[in-house]
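> Counting from 6, one number per residue, gives the positions in the sequence shown under the numbering used here. To start, I am sharing the structure in question, which I have written as structure tokens.
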Amino acid sequence: MRVLVTGAAGFIGMHTAIKLLERGDVVIGVDNINDYYDTTLKEARLKKLIEYERFTFVKVDLEDKDGIDKVFAETSPDSVIHLAAQAGVRYSLTNPHAYINANIVGFINILENCRFNDVKHLTYASSSSVYGGNSKQPFSEHDKVDHPVSLYAATKKSNELMAHAYSHLFNIPTTGLRFFTVYGPWGRPDMALFLFTKAIIEGQPIDVFNRGNMMRDFTYIDDIVEGVVRINDKPASVSPIYDPGLPDPGTSNAPYRLFNIGNNSPIELTKYIEAIENALGKKADKNLLPMQPGDVPSTSSDTTELYKWVGFKPNTSIQVGVNYFVTWYREFYK
6 MRVLVTGAAG
16 FIGMHTAIKL
26 LERGDVVIGV
36 DNINDYYDTT
46 LKEARLKKLI
56 EYERFTFVKV
66 DLEDKDGIDK
76 VFAETSPDSV
86 IHLAAQAGVR
96 YSLTNPHAYI
106 NANIVGFINI
116 LENCRFNDVK
126 HLTYASSSSV
136 YGGNSKQPFS
146 EHDKVDHPVS
156 LYAATKKSNE
166 LMAHAYSHLF
176 NIPTTGLRFF
186 TVYGPWGRPD
196 MALFLFTKAI
206 IEGQPIDVFN
216 RGNMMRDFTY
226 IDDIVEGVVR
236 INDKPASVSP
246 IYDPGLPDPG
256 TSNAPYRLFN
266 IGNNSPIELT
276 KYIEAIENAL
286 GKKADKNLLP
296 MQPGDVPSTS
306 SDTTELYKWV
316 GFKPNTSIQV
326 GVNYFVTWYR
336 EFYK
């Protein structure tokens with residue numbers, strides 16, 4: 006297959022592209038290499054990708070309509086895995102326009118090109134953040150997600166609504182993936198694992214929000230990618246149990262699907278820190294802080310629908326995943 010992967014120089018994008026390339030697919034990678042975090046890391050990821058003969062890279066902004074139009078016209082992808090976005094909850098508090106430009110304007114450019122270029126399936130990254138103020142756990146695709154607590158979450162919910170409209174109007178199969186706290190080698194420097202590892206190695210205190218009273222469904226990168234690729238291989242279809250009289254958010258009368266991809270095994274933030282300490286052989290100096298705006302105290306994924314659809318659910322333990330990350334970190338940063 007010819008697969009267009011947006012955000013190819015990103016954390017999940019690089020791993021996904023490699024998975025596709027190693028099984029023989031042709032991958033067209035798109036990224037703008039922005040400076041939200043260290044571009045050196047993004048360029049290092051890209052360097053790994055360009056070693057593959059079947060990989061082509063195009064540097065372009067999502068919101069550049071002419072540029073995105075040109076990519077689709079020149080590459081004719083069979084399917085699209087849309088992973089590019091302005092990420093981060095806290096950054097959205099101070100830079101809201103970056104989220105509207107990349108996540109809303111950029112997404113409509115992707116949808117329009119899927120519409121006019123006979124794309125067989127659009128798989129796109131949503132987020133567990135869409136569950137917002139929900140307290141019922143584990144989070145299920147059948148739950149309503151009408152109470153976002155950050156602009157980032159609101160843009161991801163918007164993506165799901167936009168995708169549904171295009172699936173309904175133009176019969177484009179679209180599948181949204183709600184990722185739960187992804188971690189692993191080549192991860193983002195603004196995420197907890199990266200920040201904690203760097204600080205502990207350097208003898209600096211780590212900032213622990215809500216004084217450590219938080220639960221997260223940490224999900225290892227290889228599990229995320231396995232789910233992404235399996236789902237991209239199985240285009241969305243109309244749900245046979247959709248009832249317009251009692252509409253269920255997890256069903257649709259259009260070729261539209263939503264899936265959680267999480268480890269289905271949330272752990273306390275303090276246990277996560279212990280796993281990092283064990284991997285490093287060094288204790289952390291903790292700076293206990295209150296909850297940050299836009300954060301939620303707990304996340305937990307129900308992966309029943311994912312397993313029913315593609316016969317897979319994440320299962321990598323925290324200690325195994327953290328050890329892999331620490332090994333990569335020490336090697337990469339010498």
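Note that the Cβ used here is the ideal one computed from N, Cα and C, for glycine as well.
1) Going straight from the alpha carbon of serine 306 to that of glutamate 231, what length do you get?
2) Taking C-alpha atoms, which residue in Val233, Trp191, Lys161 lies nearest to alanine 49?
3) Mind listing, in chain order, the continuous beta strand (DSSP E) runs of no fewer than 3 residues lying wholly within the segment 143-188?
4) Helix, strand or coil for glutamate 336, going by three-state DSSP, please let me know.
5) Do glycine 29 and threonine 61 come within 8 Å of each other at the CB atom, strictly closer than that value?
6) If you count every other CB in all the chains shown that lies within 10 Å of the CB of lysine 64, and 16 or more means buried, which is it?
7) If you run the structure through DSSP and keep just helix, strand and coil, what is leucine 88?
8) Looking at C-alpha atoms only, which residue of Tyr225, His87, Lys70, Ala197 is the closest neighbour of aspartate 300?
9) Roughly how many angstroms lie between the CA atoms of threonine 99 and glutamine 91, to the nearest whole one?
10) How many Å lie between glycine 217 and leucine 293 at the Cα?
11) Taking the C-alpha atoms as reference points, what is the distance between alanine 204 and glutamate 282?
12) Shortest alpha-carbon distance to leucine 88 belongs to which of Arg95, Val76, Leu67?
13) Does the separation of the CB atoms of glutamate 165 and phenylalanine 264 fall below 8 Å?
14) Please name the residue in Ala130, Gly12, His126, Asp248 whose C-alpha comes closest to that of lysine 47.
15) Once the 5 residues before and after asparagine 237 are set aside, which same chain residues still bring their CB inside 8 Å of it?
16) For tyrosine 261 versus histidine 169, is the C-beta distance shorter than 8 Å?
17) Can at least three beta-carbon pairs, one atom from the segment 16-31 and one from the segment 245-259, be found at a separation below 8 Å?
18) Leaving out five residues before and five after proline 319 in sequence, what residues of the same chain have Cβ atoms less than 6 Å from its Cβ?
19) Does the segment 95-110 come close enough to the segment 136-145 to have 3 or more Cβ pairs within less than 8 Å?
20) According to DSSP, is tyrosine 57 helix, strand or coil?
21) Indicate the three-state DSSP secondary structure (helix, strand or coil) for methionine 220 in the structure shown.
22) Should glycine 316 go down as buried or exposed, given a rule of 16 or more other Cβ atoms within 10 Å for buried?
23) In this structure, what does DSSP give as the bridge partners for aspartate 36?
24) By Cβ distance, which residues of its chain are closer than 8 Å to alanine 241, with the 5 residues on each side in sequence left out?
Inspection of the coordinates gives the following:
1) Taken atom to atom, the span from the alpha-carbon of serine 306 to that of glutamate 231 is near 17 Å.
2) Trp191
3) 179-184
4) If DSSP states are grouped into helix, strand and coil, glutamate 336 belongs with the helices.
5) Their beta carbons are not under 8 Å apart, which means threonine 61 does not touch glycine 29 by this criterion.
6) That one is exposed.
7) coil
8) Ala197
9) 13 Å
10) 7 Å
11) 11 Å
12) Leu67
13) no
14) Gly12
15) Val8, Ser84, Ile86, His126, Thr128, Thr180
16) Yes, the pair counts as a contact, with Cβ atoms nearer than the cut-off.
17) no
18) Thr224, Asp228, Asn268
19) no
20) coil
21) strand
22) exposed
23) Lys64
24) His126, Ser172, Pro178, Thr179, Thr180, Pro260, Tyr261, Arg262
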